[in-house]
Each structure stands twice: as C-alpha cells, then as structure tokens.
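Its first residue numbered 1, the sequence shown is counted upward by one per residue in full-length UniProt numbering. C-beta: ideal position from N, C-alpha, C; glycine also. These notes are about the structure you will find just below.
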Amino acid sequence: MINRILVCLDKSDYTDASIDFSCWLATHHDASLEGMVVIDTPGIARSVGGGGVGTMKYARTSIAAKEKESHELMESILAKFKERCDASGVRHNECEIQGEPAESILDEANYFDCVVIGIHTYFNYESGAGDDEKYGTEADIKGDALTEVMAESLSPVFAVPLGWQPQPDHEIFDALVAFDGSLNAMRSLRQ
1 MINRILVCLD KSDYTDASID FSCWLATHHD ASLEGMVVID TPGIARSVGG
51 GGVGTMKYAR TSIAAKEKES HELMESILAK FKERCDASGV RHNECEIQGE
101 PAESILDEAN YFDCVVIGIH TYFNYESGAG DDEKYGTEAD IKGDALTEVM
151 AESLSPVFAV PLGWQPQPDH EIFDALVAFD GSLNAMRSLR Q
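Structure (structure tokens):
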C-alpha cells in the first residue's frame, strides 16, 4: 500500500511529467505527496573554481548570488507543484533541501513508500537543457542523481519519461521493472 510519495522536482520539463504521475498515483492510492527540491550547494561552490587570495571575496559574493538565484528558482518550482496538487485535490507538502542532490534524495527516501523522479535528472547545478534550450534532446547536460537513487534507494523508484500523461480509458499501463536480485529489489517487487 502506498501512503506517502516523495516527488523529486528539478528545473526540467521532466518535473511536469513527475507531478502528473505522482498526482495520478496519489489519487489512486489516497496517498499524500511531498514535493522536494534540492539546491546543489556543493555544485555551486565547485562552479566558482579556485583562484588567488584576492579572489576570495569575489568567490563568496558569487556563491551567495548563485545560491539566491537557485533558491528563487526552487521556490517557483514548489509553487507550481503546490498549484498542480491543489488542482488535483491531492494532499501535499513541500520542502527545500541544500546539499548533494542524490545523497539528499536518498536520505529523504527512507521515510516514504515510493519515490517519483524524472527519467533524466537536472538537480546538479551544472546540468541543464544545453545549447538548444530544450529538455529531452541530445544537447542536454544531464545529472547523475537517478542512477545513484536507483542503485541505493530502499524505496521503490518510479522514473517518469518526458511527457507522461494518464490514459483516461486505461486503468492499467505498461511498466518496466528492473530486478537485480537484491533485497531492496525483492522488497520493492513485493510492494
């Protein structure tokens, strides 16, 4: 039985599909959602790079500005999540965490029945849509959070493709289940 669902939200279009899927899943299981965004503070610090003694003040100012910009972006993502959950009539909470994206997701996932995340992730500060400014193309600079979450999560993980929409005339849909024989995989399969 699914009661609590962790929805991992990033800056990409995959977030829209993740929200749609999680609202659909929550409606069918009478579950509550928690939308989580992660500000990649280690990634922001790495983006500034090294420098001489004279550049320390600039680096601190630059890091603070990038963290503020990221916080504002994450607030807008959480507002979109809240709006869509309210429209679907689903119980929900929102949270913002700072840290390494995959580690932060894994720490939170322990308290949930399942995790919903985009099939490609863009939690890392350096990740993004690439030169064409469209997500879902070869130009994307993808993050690695999904790989780490799938490998280490104790909770089942739903990786949602771009553009996922519920089929109104179908209650059942096809799913690919990855099974490696581990205890976590067996536990997930049982659920």
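C-beta contact flag for residue i and residue j at 8 Å
i           : j      : result
Glu100      : Pro166 : no
Ala109      : Val116 : no
Ile5        : Asp113 : yes
Gly125      : Asp40  : In the sequence as presented, Gly is not what sits at residue 125; that position holds Tyr. Closer than 8 Å, so yes.
Asp13       : Gly136 : yes
Val48       : Ser62  : yes
residue 194 : Lys142 : In the structure displayed, the chain extends from 1 to 191; residue 194 sits before or after that span and is not available.
Whole-angstrom C-beta distance between residue j and residue i, which should lie under 8 Å
i      : j      : result
Cys8   : Ser88  : Rounded, the Cβ-Cβ distance is 18 Å, inconsistent with contact.
Glu34  : Cys85  : Actually they do not touch by this definition, with Cβ atoms about 10 Å apart.
Ala17  : Pro161 : 7 Å
Glu67  : Ile44  : 6 Å
Ile119 : Ala159 : 4 Å
Of the residues the options, the one placed nearest residue i, counting alpha carbons only
i      : options                         : result
His28  : Ala45, Leu78, Met36 and Val90   : Val90
Phe179 : Met150, Lys66 and Arg60         : Met150
Met36  : Trp164, Ala65, Tyr111 and Lys68 : Tyr111
Ile105 : Asp132, Asn3, Val38 and Ala65   : Val38
Lys11  : Phe81, Ile63, Asn3 and Ser47    : Phe81
Leu78  : Glu69, Asn93 and Ala102         : Asn93
Ala102 : Ser76, Thr147, Gly130 and Ala65 : Thr147
Met1   : Ser32, Arg60 and Ala185         : Ser32
Asp30  : Asn3, Ala185, Thr15 and Arg46   : Asn3
Status (buried if at least 16 other CB within 10 Å, exposed otherwise) for residue i
i      : result
Leu25  : buried
Ile19  : buried
Ser76  : exposed
Met74  : buried
Ala64  : exposed
Ala139 : exposed
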